[in-house]
Amino acid sequence: MSEARIEGYARALFEIARAEGTLDEVEDELFRFARSYESSDALRNALTDEMVPIERRQGVVETLLGAQATATTVQLVSMVVGSGRGRDLPAIIDRLVARASQSKDLAVAEVRSAVALTDDQQARLRAALANATGHEVNLKVVIDPSVVGGLVATVGDTVIDGSVRTRVDQLKSRL
Amino acid sequence: MNLFAVIAAGEIDPARSIHWLWPAAAELIYGSLASILIFGLLYKFAGPAVRKAMADRTAKIQGELDASAEARSSAESEAADIRRAAGDIASERQRLLADADAQAEALLSDGRARLAAEIADLEARAEADQAAAASRVGDELRTEISRLAAEVSDRLLADTLDDSAQQALIESFIQKVGSSS
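As they're listed, the protein sequences go chains A and B. Residue 1 is where the first sequence starts when you use the numbering used here, and the numbers rise one by one after that. Residue 1001 is where the second sequence starts when you use the numbering used here, and the numbers rise one by one after that.
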């Protein structure tokens, strides 16, 4: 899909969420859904397979998100999948998150961790990243077992890698 | 005293022979004169033809002698040519043999040099192959050691990274990022 179309969808989702007054929540849920979509081949195939009827694909979305996300989030994802743009969901959602953060004058900070962070850790990490980058950040934590241990933070083009996985890879490379 | 003087002296009868083997004096005289006349006529009229015939024969014999000499000279020249040609053939044979020897020597020398080069090349290739094989084995060994080390490190990490270690890593990260402004 073209950049303009992705931007159009992102703007539409953003406006709907903001109009509903659930922008923060929807943005967070969509972000998590996008990461799940990226990491799961089965989910990706289910939502992009042209042989599967659109209604069934939307049914998969409702089944997966229905009990865990707000109705707005479910409807927005269902709408994108229903329009046959399931393949572009991560790009659309990332653009929506960036737009939402920009509207609050925040930089998106994606943090990958092998284990969940406590609220306290998230708050301190947010403050630490703001201190390091000079911008207030919209912290997005992704649970990623491949990190093994530690954290990997990405703010814009800056990557701060403190993961065990990277250290192990470096060790392997030296070996 | 000669016969004419005897006859002139009238001591002998000209019509009679004085010996049974000797003709009569008159006959002798007439016969002698006739003989002289005949010889004179013969000398006058037949002499040139005889001399010419003799000269022609002499010239013919001389020509034949000259031709013979020429033929002999030609034969000797031809013989000399043949002898020279035979000499040339012998020297040509010698030259060809020398050339053949030189070519054979050159071929042998070239063959030896090529053989030596091929042997050197084969040895170098064998050494290179040996070195490559040793290097490959070394690389494979290193790769295998790395793979095993990675597996071991992953297992060790899985065993050692308990919740407290995870939290410690997270806290360390937060602290490090916070202090790097």
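Virtual Cβ for every residue (Gly too), placed ideally from N, Cα, C.
Nearest-angstrom beta carbon gap, residue j and residue i [assumed within contact, 8 angstroms]
{"i": "residue 1169/B", "j": "residue 164/A", "result": "7 angstroms"}
{"i": "residue 107/A", "j": "residue 147/A", "result": "Residue 107/A to residue 147/A, Cβ: 21 angstroms. No contact."}
{"i": "residue 37/A", "j": "residue 85/A", "result": "Going by Cβ atoms, the distance from residue 37/A to residue 85/A rounds to 12 angstroms, so no, they are not a contact pair."}
{"i": "residue 153/A", "j": "residue 160/A", "result": "4 angstroms"}
{"i": "residue 134/A", "j": "residue 1176/B", "result": "The pair is not a contact, with the Cβ atoms about 17 angstroms apart (cut-off 8 angstroms)."}
{"i": "residue 137/A", "j": "residue 109/A", "result": "4 angstroms"}
{"i": "residue 61/A", "j": "residue 81/A", "result": "6 angstroms"}
{"i": "residue 1172/B", "j": "residue 132/A", "result": "Not really, about 15 angstroms apart at Cβ, beyond 8 angstroms."}
{"i": "residue 1015/B", "j": "residue 1026/B", "result": "6 angstroms"}
{"i": "residue 1024/B", "j": "residue 1017/B", "result": "5 angstroms"}
Where the alpha helix (DSSP H) through residue i begins and ends
{"i": "residue 60/A", "result": "54 to 65"}
{"i": "residue 1098/B", "result": "1047 to 1160"}
{"i": "residue 3/A", "result": "3 to 20"}
{"i": "residue 34/A", "result": "23 to 39"}
{"i": "residue 70/A", "result": "Segment: none, residue 70/A is in no alpha helix (DSSP H) and carries neither H nor E."}
{"i": "residue 168/A", "result": "164 to 174"}
{"i": "residue 1178/B", "result": "1163 to 1179"}
Range covered by the beta strand (DSSP E) that runs through residue i
{"i": "residue 140/A", "result": "137 to 143"}
{"i": "residue 158/A", "result": "158 to 161"}
{"i": "residue 133/A", "result": "Residue 133/A -> not in any beta strand (DSSP E); alpha helix (DSSP H) instead, spanning 119 to 133."}
{"i": "residue 1028/B", "result": "Not the beta strand (DSSP E): residue 1028/B falls in the alpha helix (DSSP H), residues 1025 to 1041."}
{"i": "residue 112/A", "result": "107 to 113"}
{"i": "residue 91/A", "result": "Residue 91/A -> not in any beta strand (DSSP E); alpha helix (DSSP H) instead, spanning 89 to 103."}
{"i": "residue 151/A", "result": "151 to 155"}
Outcome for residue i when other beta-carbon atoms lying within 10 angstroms are tallied against a minimum of 16
{"i": "residue 1099/B", "result": "exposed"}
{"i": "residue 34/A", "result": "buried"}
{"i": "residue 149/A", "result": "buried"}
{"i": "residue 1059/B", "result": "exposed"}
{"i": "residue 188/A", "result": "The shown model of chain A, from 1 to 175, leaves out residue 188/A, and the question about it has no answer."}
{"i": "residue 73/A", "result": "buried"}
{"i": "residue 1174/B", "result": "buried"}
{"i": "residue 1050/B", "result": "exposed"}
{"i": "residue 75/A", "result": "buried"}
{"i": "residue 104/A", "result": "exposed"}
{"i": "residue 64/A", "result": "buried"}
{"i": "residue 1044/B", "result": "exposed"}
{"i": "residue 140/A", "result": "buried"}
{"i": "residue 1108/B", "result": "exposed"}
{"i": "residue 112/A", "result": "buried"}
{"i": "residue 181/A", "result": "With chain A represented from 1 up to 175, any question about residue 181/A goes unanswered, as that position is not in the structure."}
{"i": "residue 1041/B", "result": "exposed"}
{"i": "residue 23/A", "result": "buried"}
{"i": "residue 46/A", "result": "buried"}
{"i": "residue 151/A", "result": "buried"}
Residue from the options with nearest C-alpha to residue i
{"i": "residue 3/A", "options": "126/A, 89/A, 149/A, 40/A", "result": "89/A"}
{"i": "residue 59/A", "options": "86/A, 5/A, 78/A", "result": "78/A"}
{"i": "residue 7/A", "options": "48/A, 53/A, 82/A, 91/A", "result": "91/A"}
{"i": "residue 170/A", "options": "1161/B, 1158/B, 1177/B, 1146/B", "result": "1146/B"}
{"i": "residue 121/A", "options": "1167/B, 1018/B, 1026/B, 1024/B", "result": "1167/B"}
{"i": "residue 39/A", "options": "24/A, 18/A, 49/A, 145/A", "result": "145/A"}
{"i": "residue 124/A", "options": "1157/B, 1178/B, 1030/B, 1029/B", "result": "1178/B"}
{"i": "residue 168/A", "options": "1129/B, 1163/B, 1158/B, 1162/B", "result": "1158/B"}
Residue i beta carbon near the ligand HEM (any heavy atom closer than 8 angstroms)
{"i": "residue 1111/B", "result": "Summarising the ligand content, the structure contains no ligands, and the ligand HEM is consequently not present."}
Meets three-Cβ-pair contact criterion under 8 angstroms: the region 6 to 25 of chain A and the region 94 to 105 of chain A: yes
Using 8 angstroms as the threshold, is the region 60 to 71 of chain A in touch with the region 19 to 35 of chain A, meaning 3 or more CB pairs across them? yes
Does the count of Cβ pairs from the region 127 to 134 of chain A and the region 1140 to 1153 of chain B closer than 8 angstroms reach three? no
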